[in-house]
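*Asks:* Here it is, the structure, as structure tokens.
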Amino acid sequence: MWSVSGVVRIRSPCGPHVVRVRSACGPRVITRARSDPVRAVRQGRERPLTVHHLNQLLLVCSLVLLIAVAAVRISSRSGLPSLLVYLAIGIAMGQDGIGDIHFDNAELTQVIGYAALVVILAEGGLGTKWTEVKPVLPSAAVLSLAGVGVSVGVTAAGAHYLTGLEWRQALIVGAVVSSTDAAAVFSVLRRIPLPARITGTLEAESGFNDAPVVILVVAFSTAGPIEHWYVLLGEIALELAIGAAIGLAVGWLGSWGLRHVALPASGLYPIAVMSIAVAAYAAGAMAHGSGFLAVYLASMVMGNARLPHWPATRGFADGLGWLAQIGMFVLLGLLVTPHELGDDILPALVIGLVLTMVARPLSVVLCLLPFRVPWQEKTLMSWAGLRGAVPIILATIPMVEGVDGSRRIFNIVFVLVVVYTLVQGPTLPWLARKLSLGKGDEAADLGIESAPLERLRGHLLSVTIPEGSKMHGVEVSELRLPAGSAVTLVVREGKSFVPLPTTGLRRGDELLVVATDPVRDAAEARLRAVGHGGKLAGWLGSGDANRNPR
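If you read the sequence shown in my numbering, its first letter stands for residue -15, the second for the next number, and so on.
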């Protein structure tokens, strides 16, 4: 039996056997009910993964990761998001590069991309501060929902009338490129501290808008003409509601459990947190809700829940996020075929121009109109709509679904993301300075790690005093910690000592603070308040004891 696509397996007492042969028309697969596996291997028809192949694979993967890590340093100095370097690595390894690796499995790319996106959203949710998001939550929600609708409509119209794409293809392109990427934005703006309203809005928007965009792309790629638009809107609202409910519930249950169960090793906490976040995605998706919204909300709840060993958890999630980005973009670089991009460069530039100069600014202005946001902030948020991981991943959905012209859609999106990231990335810090949106020096937040002492019914807080903290120069007695807590040890320049009430604290010091269960939260809040407001925090209104205790 001959098969053009896929592999047909027939079971026999020796198990399924597959023999691959090549012909002038491409690869063909012939299956036989019975064959000699040793003979097949010797003839090169089957190439099982051996230890030697594993060694080669590990060597290549480790070298790619090392190059990608080194590229972060280059991107930080040049102001370009590191995603471009990762894409370049994948292209260099591809069939038009020095690696000559032929890879065209869009379905595998989509699956791996979804998995990577779950990790990236989890890491983003864990790093989102509720104190920054809460004041701007209504505006971010409107921008993530109504703003996506405006962006999709305007971009699709431009793609149809200016580049000649069919309406279905134009709508898919408009939906794909309507999702912003927080990792790309803040990798460029990390050197410029921005007002909390801007950072909170951009973070929340990038975390929320992935969900409706995914629903739209899947709907445009799998369904025929949409006769009743309100049915689609109802389905989007239902999926978002289910995803939000599951994400909040899983996040609350997970944080409650981690706070009340003392695990035997600190390294288990990061694994548990990421497992809970992934479980939120899976539960949301299996319940026919938005898994992406579920994982983001669950992670945000846990990230603001005063979990034990939080710095270790945050570092673990950050590392996984980098690994997911590197693997995803290298794979996307492998999937693209550079010599096929020539005919799609001009349409990509035209669509990108409509998106950045018309659709994105219009959506920002219209959605933020009721919230009285200053024009300087609207201008920066309009230009800060960087596209990164999500659009290229979503561009594989029409390829998997077999939509006509899907390869062209992927090429257009790929060129658009690369070109406009090159244009917008380096200019974002310059625009922020020109708009006078960079904040002045602000006291750095303390690094506090909490370890539960279950048998002693207390907690051991490990406090690091960073540069810029106003705790510098404060004496131990001036911390005014609540009764039931005390500074038991100070580590300074590699030497540890038991402090006196008159011992002055310095930048770079590490403190060990023991607190009983009833006053643990109050002690941590007081430490953060002094770190932001100095010894007089609370008396003169400086410092905020209710800051996010992370």
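Here a beta-carbon is modelled for each residue, glycine too, at the ideal position from N, C-alpha and C.
Keep in mind it's a predicted model, so treat the numbers as computed, not measured.
1. Using 10 angstroms around the beta-carbon of Phe481, count the other beta-carbons present and answer buried if the total reaches 16, otherwise exposed.
2. Whole angstroms are fine: how far does the CA of Trp359 sit from the CA of Val132?
3. DSSP has His36 in a bridge; who is on the other side?
4. According to the neighbour-count rule (16 or more other Cβ atoms, all chains shown, within 10 Å of its Cβ), is Cys45 buried or exposed?
5. Output the residue ranges of the beta strand (DSSP E) runs that lie fully inside the segment 240 to 282 and measure 3 residues or longer, sorted by chain position.
6. Work out the CA separation of Ala72 and Lys519 for me, nearest whole Å.
7. Is it the case that the Cβ atoms of Ile75 and Gly81 are separated by a distance below 7 Å?
8. Answer yes if the segment 279 to 290 comes into contact with the segment 315 to 335, meaning at least three C-beta pairs across the two stretches below 8 Å, and no otherwise.
9. Hey, quick one: how far does the beta strand (DSSP E) through Thr448 stretch, first residue to last?
10. Tell me which residue opens and which closes the beta strand (DSSP E) that Ala470 is part of.
11. Are the segment 383 to 393 and the segment 407 to 420 in contact at 8 Å, needing three or more beta carbon pairs?
12. Rounded to whole angstroms, what is the Cα-Cα separation between Gly488 and Leu511?
13. Straight-line CA distance for Val338 to Gln153?
14. Report the start-end ranges of each alpha helix (DSSP H) in the segment 43 to 122 that is 4 residues or longer and not cut off at the edges.
15. Span of the beta strand (DSSP E) holding Ser205?
16. In this structure, how does DSSP classify Ser162 when only helix, strand and coil are distinguished?
17. If contact is defined by three or more beta carbon pairs under 8 Å, each pair taking one atom from either stretch, is the segment 266 to 282 in contact with the segment 307 to 317?
18. Which residues bound the alpha helix (DSSP H) around Ala521?
19. Near Phe300, which residues of its chain fall below 6 Å by C-beta distance, leaving aside the five closest residues on each side in sequence?
20. Considering Cα atoms alone, identify which of Gly517, Ala379, Ile51 is closest to Leu200.
21. So which of Val197, Val138, Glu150 has the shortest CA-CA distance to Thr164?
22. Determine whether the beta carbon atoms of Val245 and Ala332 lie at a separation below 7 Å.
23. Of the choices Val320, His456, Ala513, Leu421, whose alpha-carbon is the least far from that of Asn89?
24. On a CA-only basis, which of Arg464, Gly275, Ser469, Leu232 is nearest Gly442? Give me that one, please.
25. Nearest to Leu146 by alpha carbon, out of Glu451, Leu252, Val334, Val279?
26. Closest by CA to Glu324, which one among Gly191, Arg391, Arg464, Val161?
27. From the DSSP output, read off the bridge partner residues of Ser480.
28. I need the boundaries of the alpha helix (DSSP H) containing Glu385, first residue and last residue.
29. Three or more C-beta pairs under 8 Å: does that hold for the segment 335 to 355 against the segment 117 to 124?
30. With a cut-off of 8 Å on the beta carbons, I'd call Gly184 and Glu116 a contact; round off their distance for me.
31. So which of Pro502, Trp294, Leu105 has the shortest CA-CA distance to Glu189?
32. Would you decide whether Met258 is buried or exposed? Buried here means 16 or more other CB atoms lie within 10 Å of its CB.
33. Exposed or buried, what is Gln408 when buried is set at 16 or more other beta-carbons lying within 10 Å of its beta-carbon?
34. Roughly how many angstroms lie between the CA atoms of Val474 and Glu451, to the nearest whole one?
35. For a minimum of 4 consecutive residues, which ranges assigned as the alpha helix (DSSP H) are wholly contained in the segment 305 to 352?
*Replies:* The relevant details are as follows:
1. exposed
2. Going from the Cα of Val132 to the Cα of Trp359 covers about 20 Å.
3. His36 is not bridged to any residue.
4. By the 10 Å Cβ count, Cys45 comes out exposed.
5. none
6. 51 Å
7. yes
8. no
9. Thr448 -> beta strand (DSSP E) spans 442 to 448.
10. 469 to 476
11. Here the segment 383 to 393 makes no contact with the segment 407 to 420; the two share fewer than three CB pairs at distances below 8 Å.
12. Spanning the alpha carbons of Gly488 and Leu511 requires a straight line of approximately 15 Å.
13. 16 Å
14. 67 to 77, 90 to 110, 114 to 117
15. That residue, Ser205, is in no beta strand (DSSP E); its alpha helix (DSSP H) goes 194 to 206.
16. coil
17. Look at the beta carbons and you see the segment 307 to 317 not touching the segment 266 to 282: under three pairs across the two are nearer than 8 Å.
18. It is not in any alpha helix (DSSP H) - Ala521 carries neither H nor E in the DSSP assignment.
19. So the qualifying residues of the chain are Pro254.
20. Shortest Cα-Cα distance from Leu200 to any of Gly517, Ala379, Ile51 involves Ala379.
21. Val197
22. no
23. Val320
24. Ser469
25. Val334
26. Arg391
27. Val475
28. 380 to 385
29. yes
30. 4 Å
31. When the alpha-carbon of Glu189 is set against those of Pro502, Trp294, Leu105, the nearest one is in Leu105.
32. buried
33. buried
34. Cα-Cα distance, rounded: 17 Å.
35. 329 to 338, 344 to 352
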